[in-house]
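K.L.:
Residue numbers (full-length UniProt numbering): 1 to 344. Yeah, the Cβ is synthetic: ideal placement off N, Cα and C, and Gly gets one too. Since the model is a prediction, treat every value here as computed from it, not as a measurement. What follows is a single structure, and I will ask about it in a moment.
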Amino acid sequence: MRRRDAGLHPGRRPRAPVPLPAPHHRPVRPRPVHRLPGDSVTPAPSGPLTGVVPPVCTPLTPDLEVDVPSLERLVDHLVGAGVDGLFVLGSTSEVAFLPDAQRRTVLETVVKHVAGQVPVLGGVIDMTTLRVIEHARVAADVGCDGVVATAPFYTRTHPVEVEAHLRDVAAAVPVPVYAYDLPVSVHSKLDGGMLLRLASEGVLAGVKDSSGDDGAMRTLMLALRDAGASGFSVLTGSELTVDAAFAMGVHGVVPGLGNVDPAGYVRLHRHCRAGRWDEARTEQERLLRLFDIVNAGAPARMGRGSSALGSFKAALHLLGVIDHPLTAPPQVPLDAAETARVQT
């Protein structure tokens, strides 16, 4: 394994190290990946998308273009670990920072390199409906297996308008549409009754729940079960309570930390599927400790997003998966001391 050195941080209190996982550099080939019997990886009316679907980081070059070779290696790293799908152009992908041309490059690169081995969901996040539809048509044209849309943002929208927005996006493209519940960024939470309605009508294929509201998520799952909406996927966006989410019946997880340790989340999913809850708890707690890397950045000089995304990219750089640990401006990159915190 190729790691890049970063100097030690002399003023930092020592803690028990959580080693970075080994990268998976096998090239993507059209062959089956490791799955449990009964896993479904293609959205269909009879079965939801399940398993581990990491939100893929977007590697950048020093001149802030998409680093295509690094992105292809990252795809190999993830698919080689046995993930069940890939979500590109979400928050972890820095979608809000990328121009449209770079968005398309990311989609085309991942879809082509995956070559049908696992489903690829394309984020089509933008402020309002017509803009989202344009992104969704591009994603469908390049071969994404589904698209992921938030509620409108920047503008103030009523729940009736949010529902109309999702219906319009779904009507505009020939691929499944997944809702993205992300109130921290769009400043409104998706209504559970609306999601149930759109699920029952087949308008939406699923939801990625990054709201942090586990009570609302469980209430939605119970309502979906009572309504017989068995083809609708509920995917948790939390890295830290995946075992609990699977215990309550979610179908999959979209973990940002899965870029760094995809095999750990695959193991966690398998333990949960097999009912090995003690082993699942142990794996979840190991991942919880590894997640501490997101705190590497100094709060006095950068936001939490810069620290988290910078730490994921620093880890991937240390593992030799990507060539440069750069984040898009105006995010602040980790310095050498902060990178050393990720390494240790």
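Rounded to a whole number of angstroms, what is the C-alpha to C-alpha distance between PRO159 and GLY212?
P.N.:
20 angstroms
K.L.:
Considering only residues of the segment 233 to 305, which uninterrupted beta strand (DSSP E) runs meet the minimum length of 3 residues and lie entirely inside it, listed in chain order?
P.N.:
233 to 236
K.L.:
Where ARG218 and GLY252 are concerned, what is the direct C-alpha to C-alpha distance, given to the nearest angstrom?
P.N.:
Distance between the alpha carbons of ARG218 and GLY252: 14 angstroms.
K.L.:
DSSP on VAL106, reduced to helix/strand/coil?
P.N.:
DSSP, reduced to helix, strand and coil, places VAL106 within a helical segment of the structure shown.
K.L.:
For the ligand PLP, is there a heavy atom less than 7 angstroms away from the beta-carbon of ALA247?
P.N.:
With respect to the ligand PLP, the structure shown offers nothing to examine, as it has no ligands at all.
K.L.:
Taking its Cβ as the centre, do 16 or more other Cβ atoms sit within 10 Å of TYR154, making it buried, or is it exposed?
P.N.:
exposed
K.L.:
Can you give me the Cβ contacts of GLU94 inside the same chain, cut-off strictly under 7 angstroms, excluding the 5 residues immediately before and after it?
P.N.:
Within its own chain, the residues whose Cβ lies closer than 7 angstroms to the Cβ of GLU94, once the five positions on either side in sequence are excluded, are THR58, LEU309, THR327 and ALA328, listed in chain order.
K.L.:
Do you know how far the Cα of GLY202 is from the Cα of LEU20?
P.N.:
41 angstroms
K.L.:
Let me know if HIS187 comes out buried or exposed under the rule of 16 or more other beta-carbons within 10 Å of its beta-carbon.
P.N.:
Around the beta carbon of HIS187, a 10 Å sphere encloses fewer than 16 other beta carbons of the protein chains shown; the residue is thus reported as exposed.
K.L.:
Mind checking which residues open and close the alpha helix (DSSP H) that includes ALA164?
P.N.:
159 to 172
K.L.:
Am I right that THR129 and HIS165 are in contact with their C-beta atoms under 8 angstroms? What's the rounded C-beta distance?
P.N.:
5 angstroms
K.L.:
Can you tell me whether GLY249 is buried or exposed? The criterion is at least 16 other CB atoms within 10 Å of its CB, across all chains shown.
P.N.:
exposed
K.L.:
Hey, quick one: how far does the alpha helix (DSSP H) through ALA139 stretch, first residue to last?
P.N.:
129 to 142
K.L.:
For ARG104, tell me which candidate among ASP76, GLU338, ALA136 and GLN117 has the shortest Cα-Cα distance.
P.N.:
ALA136
K.L.:
I'd like the list of long-range same chain contacts for VAL68, defined as Cβ closer than 8 angstroms, with 5 residues on each side in sequence excluded.
P.N.:
Answer for VAL68: THR105 and THR109, listed in chain order.
K.L.:
In angstroms with no decimal places, state the Cα-to-Cα distance between GLU65 and ARG225.
P.N.:
44 angstroms
K.L.:
How is the beta strand (DSSP E) around ALA149 delimited, first residue to last?
P.N.:
146 to 149
K.L.:
Could you have a look at PHE312 and say whether DSSP puts it in helix, strand or coil?
P.N.:
helix
K.L.:
Is the CB-CB distance between ASP126 and VAL132 below 8 angstroms?
P.N.:
Yes, they are a contact pair.
K.L.:
Measuring CA to CA, which of ASP63, HIS77, SER70 and VAL83 is closest to GLY51?
P.N.:
VAL83
K.L.:
For ASP67, which of helix, strand or coil comes out of DSSP?
P.N.:
coil
K.L.:
Around the C-beta of ASP292, are 16 or more other C-beta atoms found within 10 angstroms, so that it is buried, or is it exposed?
P.N.:
exposed
K.L.:
Run the CB neighbour count on VAL184, radius 10 Å, all protein chains shown included, and call it buried at 16 or more, exposed below.
P.N.:
exposed
K.L.:
Taking its Cβ as the centre, do 16 or more other Cβ atoms sit within 10 Å of ASP243, making it buried, or is it exposed?
P.N.:
It counts as buried.
K.L.:
Tell me whether residue 383 sits in a helix, a strand or coil according to DSSP, three-state version.
P.N.:
Since the first and last residues shown for the chain are 1 and 344, residue 383 lies out of range.
K.L.:
Can you tell me the Cα-Cα spacing of MET302 and ARG276, whole angstroms?
P.N.:
40 angstroms
K.L.:
Taking C-beta to C-beta, are GLU239 and PRO255 nearer than 8 angstroms?
P.N.:
yes
K.L.:
Indicate the three-state DSSP secondary structure (helix, strand or coil) for GLY90 in the structure shown.
P.N.:
coil
K.L.:
Quick one: residues in its chain with C-beta nearer than 6 angstroms to the C-beta of PRO325, no 5 flanking neighbours on either side, listed in chain order?
P.N.:
LYS313, ALA314 and HIS317, listed in sequence order.
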